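A short worksheet on the structure shown next.
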Amino acid sequence: MDLEQIKERIRSKKGFISDMDGVIYHGDRLLPGVKEFVRWLKKEKKHFLFLTNSSERTPRELQEKLHRMGVDVDRNVFYTSALATAQFLSSQKPHGTAFIIGEAGLINAMYNVGYTMNNIDPDYVVVGDTRNYSYEKLEQAVNLVLQGAKLIGTNPDVTGPIERGIAPSTKALIAPIELATGRQAYFVGKPNPLMMRIALKKLGVNPEDTIIIGDRMDTDIIAGIESEIDTLLVLSGISSEETIRDFPYLPKYVLKGVGEIIS
Ligand SMILES: [Mg+2]
5 MDLEQIKERI RSKKGFISDM DGVIYHGDRL LPGVKEFVRW LKKEKKHFLF LTNSSERTPR
65 ELQEKLHRMG VDVDRNVFYT SALATAQFLS SQKPHGTAFI IGEAGLINAM YNVGYTMNNI
125 DPDYVVVGDT RNYSYEKLEQ AVNLVLQGAK LIGTNPDVTG PIERGIAPST KALIAPIELA
185 TGRQAYFVGK PNPLMMRIAL KKLGVNPEDT IIIGDRMDTD IIAGIESEID TLLVLSGISS
245 EETIRDFPYL PKYVLKGVGE IIS
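Residue numbers (the numbering used here): 5 to 267.
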């Protein structure tokens, strides 16, 4: 298949699930071609979702971040691992209680599904991306888990990209709790197919008519493969042509960035 055929196949999809970091922006910098791509999605009346494993921000904060970069989209196009975690926990135990180590994105999502915060005997200890991390909170979390609270991580990322290097992400932040308690956390975000299934339902398009776009083989691409959705790896983020060889599976398509889809 030549490049034009690949682009045509991608353009004919009805549903687009796109990762954000490394696909739409890098830190505070919008990636080339994104404005045109989003304009095209809206003009063609495509169904689209921005799916991110980051659990720090609320949909409204993400909407404002994109607005500052000159891209305007509806608030409900954002789907974060915090929203998926809240939805998952509310299906497991409606109106439960949680002790949270995380930011507004996670705390709001939990309140919105009817959870209340509890640091005495919560059903769950939930950890997400945060800079608000302290020894006291770790100590509390460890003892609540030992008392029977279930340990949940919003996303299994060890690190995340920041403007200057990397920042420890949820899996690194939750590791001390796992070590001290001897319990393993359950992670909801990509590559857990649970996040993809919830996203597909929200998108309302058949998997065959949907494509997932991401910059990571170990989260975005595997999540697509395991949910039987066509995958597009873009090389505008963490992966290069060489990265692909390190994995036992392949993306269906590879392009330089989302701008190339419509160029
Ligand atoms: Mg990414």
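Built from N, CA and C at the ideal position, the CB exists for glycine as well. Keep in mind it's a predicted model, so treat the numbers as computed, not measured.
Extent of the continuous beta strand (DSSP E) to which Leu35 belongs: That residue, Leu35, is in no beta strand (DSSP E); it is neither H nor E in DSSP.
Rounded separation between Glu230 and Met200 - CA only: 9 Å
DSSP beta-bridge partners of Thr101: Thr120.
DSSP-derived helix/strand/coil call for Tyr22: Checking the displayed sequence, the identity of residue 22 turns out to be Ser instead of Tyr. In the structure shown, Ser22 sits in a strand (DSSP, three-state: E or B).
Same chain, Cβ closer than 7 Å to Asp161, five either side skipped, listed in chain order: Asn57, Ser173, Thr174, Lys175
Own chain partners of Ile10 with C-beta closer than 6 Å, once the 5 adjacent residues on each side are dropped: Excluding sequence neighbours, Ile10 sits near Tyr257.
Pairwise C-alpha distance: Phe52 and Ile226: 19 Å
Residue list, Cβ distance to ligand 1 heavy atoms smaller than 7 Å: Asp23, Met24, Asp25, Gly26, Val27, Gly218, Asp219, Arg220, Asp224, Gly241, Ile242
Cα-Cα separation, Asp234 to His99: 36 Å
Spatial distance of Lys17 from Gln96 (CA atoms): 33 Å
Secondary structure of Tyr83, DSSP reduced to three states: strand
Ile215 - DSSP class collapsed to helix/strand/coil: strand
Assigned exposure category for Pro252 - 16 Cβ within 10 Å defines buried: exposed
Cβ shell of Gln91 (< 7 Å), same chain only, five flanking positions each side left out: Val117, Ile202
Option nearest Ile178 by Cα separation, candidates Arg168, Tyr190, Asp6, Ile170: Tyr190
Residue range of the beta strand (DSSP E) that includes Gly106: No beta strand (DSSP E) contains Gly106, which DSSP labels as neither H nor E.
From Pro36, Glu12, Leu7, residue whose alpha carbon lies closest to that of Val262: Pro36
Among Arg64, Gly241, Glu212, Gly208, nearest to Asp224 - alpha-carbon criterion: Gly241
Segment limits, beta strand (DSSP E) that includes Tyr128: Unbroken beta strand (DSSP E) run through Tyr128: 128-131.
Thr134 - DSSP class collapsed to helix/strand/coil: coil
Straight-line Cα distance separating Met114 from Thr214: 28 Å
Top-ranked residue by Cα proximity to Asp222, from Leu254, Tyr83, Arg64, Glu212: Leu254
DSSP three-state assignment for Asp125, whether helix, strand or coil: coil
Ile14 beta carbon near ligand 2 (any heavy atom closer than 8 Å): In the structure shown, ligand 2 is absent; the only ligands present are ligand 1.
Where Met24 falls, given that 16 or more other Cβ within 10 Å makes a residue buried: A residue is called buried when at least 16 other Cβ atoms come within 10 angstroms of its Cβ; Met24 meets this threshold and is buried.
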